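Data first, discussion second: the structure below is written as structure tokens.
There are 2 protein chains.
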Amino acid sequence: MVGTGPGSKEHITPAACKALESSDVIVGYKTYLDLIPDLLSGKEVVSSAMMQEVDRCRRAVELAEQGKQVSLVCGGDPGIYAMAGLVFEIVIEKKSSIRVNIVPGLAALNSCAARLGAPLMHDFAAISLSDLLTPWELIEKRLHAAASADFVIVIYNPKSKKRTKQLLRAREIILKYQKPDTPVGIVTAATRDNEKVEVTTLDRLPEAEVNMQSTVIVGNSTSFAWQNYLITPRGYHHKYSLGE
Amino acid sequence: MVGTGPGSKEHITPAACKALESSDVIVGYKTYLDLIPDLLSGKEVVSSAMMQEVDRCRRAVELAEQGKQVSLVCGGDPGIYAMAGLVFEIVIEKKSSIRVNIVPGLAALNSCAARLGAPLMHDFAAISLSDLLTPWELIEKRLHAAASADFVIVIYNPKSKKRTKQLLRAREIILKYQKPDTPVGIVTAATRDNEKVEVTTLDRLPEAEVNMQSTVIVGNSTSFAWQNYLITPRGYHHKYSLGE
Chain D
6 MVGTGPGSKE HITPAACKAL ESSDVIVGYK TYLDLIPDLL SGKEVVSSAM
56 MQEVDRCRRA VELAEQGKQV SLVCGGDPGI YAMAGLVFEI VIEKKSSIRV
106 NIVPGLAALN SCAARLGAPL MHDFAAISLS DLLTPWELIE KRLHAAASAD
156 FVIVIYNPKS KKRTKQLLRA REIILKYQKP DTPVGIVTAA TRDNEKVEVT
206 TLDRLPEAEV NMQSTVIVGN STSFAWQNYL ITPRGYHHKY SLGE
Chain F
6 MVGTGPGSKE HITPAACKAL ESSDVIVGYK TYLDLIPDLL SGKEVVSSAM
56 MQEVDRCRRA VELAEQGKQV SLVCGGDPGI YAMAGLVFEI VIEKKSSIRV
106 NIVPGLAALN SCAARLGAPL MHDFAAISLS DLLTPWELIE KRLHAAASAD
156 FVIVIYNPKS KKRTKQLLRA REIILKYQKP DTPVGIVTAA TRDNEKVEVT
206 TLDRLPEAEV NMQSTVIVGN STSFAWQNYL ITPRGYHHKY SLGE
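Protein sequences, first through last, are from chains D and F. Here my numbering is used: the first residue of the first sequence is 6, the next is one more, and so on. Here my numbering is used: the first residue of the second sequence is 6, the next is one more, and so on.
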């Protein structure tokens, strides 16, 4: 399982390139494969559309069972809200004896944090607003828990064509614990040509542009906005004075 | 600010190498710089010991103010529990006009998750047990919040020479909400020669080897151990049947 990061070649590790290079077959979601044409040359390529994730993982396992060296390409990092778990569940269910290696890549977490400056200097909670596989009541419970304990909150899957109200509801919940001027960073399509970085507030979040390619980071009570950055200090008092 | 990942060259991105290559001066913690000798050749190098972080960041800012292109090397990712925030705070305090770019790298989060298979397939909370800059009461509050809302919990700074009881206390708190057989993954020195990966349970955690180079990942109520992996399913019911 190969994490190819946010999309541009300069953020793909040598380890990931080596894994692809040493493979017989490369399996992946068409949109991610289209970003790395050079790394596919000479390989058997199996590409498919987004919602065929289970099929794609199953196919990759089947090919590996035939003795082939297979790379299953994941955008970002296979290990963060991605397909690694699905592959293991299939391997376990099939009692397969193939070996699974995870090659980590830069997740949305890493790329978006870098674009926002320093939002994740302290404890943070990653919460997905996708209620496809998780009861919405549990997602709300997690939002309450994270906001009440003053975590920085990284919101994955904030919006999709079908899901547009969840982000507003998440904001309502967080506002029970955090002030309206709490900074919120939104990074869309990190490192790609259409990248957009915006820093706004919880109050003004409904006006911001958020889509399927966005990651939303809500600051904690100590976070502040500076220029187009979102900075979260590392602690709650300065142990080392910054002044001379 | 350049993230060099977990330590081995194969996990350093081309973007990070380019940033170092284009710099006049490279500043960093001696132990991380020793891992990348090739990337330092021909550069002015300023290295220092661990606890001189503020000085190191201040020095990097000063050199940049002299017009030099400076790379401040961070192990892992500058944006996750690292030095990015400190640099911004210094730049803001000095009213400096230097430009700060963050080059993301693989954080302990990415590398450790990869070694454990698939622990972070669902919502997770990252909590640091270091009470140097944060009141211990708040850390406990966060542990309660994360465990009660069934987050996977990534524990940073689980132990140090001076701090040995915090991990045991964290375990006590989590045990109020999770079963004793909840799987716990411990990755020490990920990707380095002395790497160690262990999967145990909350119950048996006190027996495990944990040190300053370790990251501890506590599963949620659906996580399970398989071989030497820690798998967290993506949701709370299977939307797509895995069977044929």
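Beta carbons are placed, not taken as given, at the ideal position from N, Cα and C, and that holds for glycine. What you are looking at is a predicted structure, and each value in this text was computed from that prediction instead of being measured.
Which residues does DSSP pair with residue i in a beta bridge?
i        : result
D/Val59  : Looking at the DSSP assignment, D/Val59 forms no beta bridge with any residue, so it has no partner.
D/Val50  : D/Ile31
D/Glu203 : D/Ile191
D/Ala131 : D/Val159 and F/Phe129
D/Ala123 : D/Ile236
F/Gly72  : DSSP output for F/Gly72 lists no bridge partner at all.
D/Ala87  : BP columns for D/Ala87 are empty, so no partner.
F/Ala230 : F/Leu235
D/Gly8   : D/Cys79
Could you check whether residue j and residue i sit closer than 8 Å to each other, using their CB atoms as the reference points?
i        : j        : result
F/Ile158 : F/Ala130 : yes
D/Leu172 : D/Val215 : yes
D/Ile178 : D/Ile160 : no
D/Ile144 : D/Leu137 : no
F/Gly84  : F/Thr9   : no
F/Pro19  : D/Glu15  : yes
F/Gly122 : D/Ile107 : yes
F/Ala150 : D/Ala151 : yes
F/Leu91  : F/Glu142 : no
F/Asp186 : F/Asp208 : yes
Let me know the secondary structure DSSP gives residue i once reduced to three states.
i        : result
D/Leu235 : strand
D/Leu33  : Looking at the sequence provided, one finds Gly at residue 33 of chain D rather than Leu. Three-state DSSP puts D/Gly33 in a strand.
F/Ala152 : helix
D/Val92  : helix
F/Ala192 : Looking at the sequence shown, residue 192 of chain F is not Ala but Val. Reduced to three states, the DSSP call for F/Val192 is strand.
D/Ala113 : helix
D/Ser246 : Since pLDDT at D/Ser246 reaches only 46, below the 50 mark, its modelled position is unreliable, and the value read off the structure follows with that caveat. Note: D/Ser246 maps to coil in three-state DSSP.
F/Val105 : coil
D/Ile41  : coil
F/Ile222 : strand
F/Val215 : coil
F/Ile97  : helix
D/Gly80  : coil
F/Leu17  : One point to set straight first is that residue 17 of chain F is Ile, not Leu, in the sequence displayed. Three-state result, F/Ile17: coil.
F/Ala65  : helix
D/Leu173 : helix
F/Leu210 : helix
D/Leu180 : coil
D/Lys166 : coil
F/Arg147 : helix
Near residue i, which residues of its chain fall below 7 Å by C-beta distance, leaving aside the five closest residues on each side in sequence?
i        : result
F/Ser28  : Lys48, Gln74, Val75 and Ser76
D/Ala89  : Met6, Pro83 and Ile107
F/Pro211 : Leu173
D/Asn1   : The shown model of chain D, from 6 to 249, leaves out residue 1 of chain D, and the question about it has no answer.
D/Glu70  : Ser101 and Ile103
At 9 Å on the CB atoms, spell out the chain D contacts of residue i, in chain order.
i        : result
F/Glu200 : Going along chain D, no residue has its Cβ under 9 Å from F/Glu200, so there is no contact; the nearest lies around 13 Å.
F/Asp82  : Leu111, Leu114, Asn115, Ala118, Ala119 and Leu125
F/Ile85  : Leu114, Asn115, Ala118, Leu125, Met126 and Phe129
With a threshold of 8 Å on Cβ separation, who are the neighbours of residue i within its own chain once the five nearest residues in sequence on each side are excluded?
i        : result
F/Gly240 : His127
F/Tyr37  : Thr9, Gly12, Val78, Cys79 and Gly80
F/Ser52  : Val32, Gly33, Tyr34, Lys35 and Leu38
D/Ile236 : Gly122, Ala123, Pro124, Met126, Ser228, Phe229 and Ala230
D/Leu247 : A caution first: D/Leu247 carries a pLDDT of 48, below 50, which makes its placement in the model unreliable, though a value can still be read off. Contacts found: none.
List the residues of chain F that residue i touches, going by C-beta distances under 7 Å, in chain order.
i        : result
D/Asn216 : Within chain F, no residue comes near D/Asn216; the closest Cβ sits about 21 Å away, beyond 7 Å.
D/Ser28  : Simply none; closest approach about 16 Å.
D/Ala20  : Glu15 and His16
D/Ser133 : Asp128
D/Lys35  : Correct list: empty, because the minimum Cβ distance to chain F is about 19 Å.
CB-CB under 6 Å to residue i, same chain, minus the five flanking residues each way: which ones, in chain order?
i        : result
F/Lys201 : Thr193
D/Val221 : Ile160, Pro163 and Ile191
F/Thr205 : Val189 and Ala213
D/Ala112 : Gly81, Asp82 and Ile85
D/Val30  : Glu49, Leu68, Lys73 and Val75
F/Arg197 : Gly12
Whose Cβ in chain F lies nearer than 8 Å to the Cβ of residue i?
i        : result
D/Ala54  : Within chain F, no residue comes near D/Ala54; the closest Cβ sits about 14 Å away, beyond 8 Å.
D/Ile107 : Ala118, Ala119, Arg120, Gly122 and Ala123
D/Lys23  : Glu15
D/Ala150 : Ala150, Ala151, Ser153, Ala154 and Phe156
Starting from the beta carbon of residue i, find every residue of chain D whose beta carbon is closer than 8 Å, and list them in chain order.
i        : result
F/Arg147 : Asp128, Ala154, Asp155 and Phe156
F/Trp231 : Phe93 and Ile97
Using a C-beta to C-beta distance shorter than 7 Å, which residues of chain D count as neighbours of residue i?
i        : result
F/Tyr182 : Those do not exist, as F/Tyr182 stays about 11 Å from chain D at its closest Cβ, beyond 7 Å.
F/Gly90  : Ala123, Met126, Ile236, Thr237, Pro238 and Arg239
With a cut-off of 8 Å, does the C-beta of residue i fall near any C-beta of chain C?
i       : result
D/Ala21 : Absent here is chain C; the protein component of the structure consists of chains D and F.
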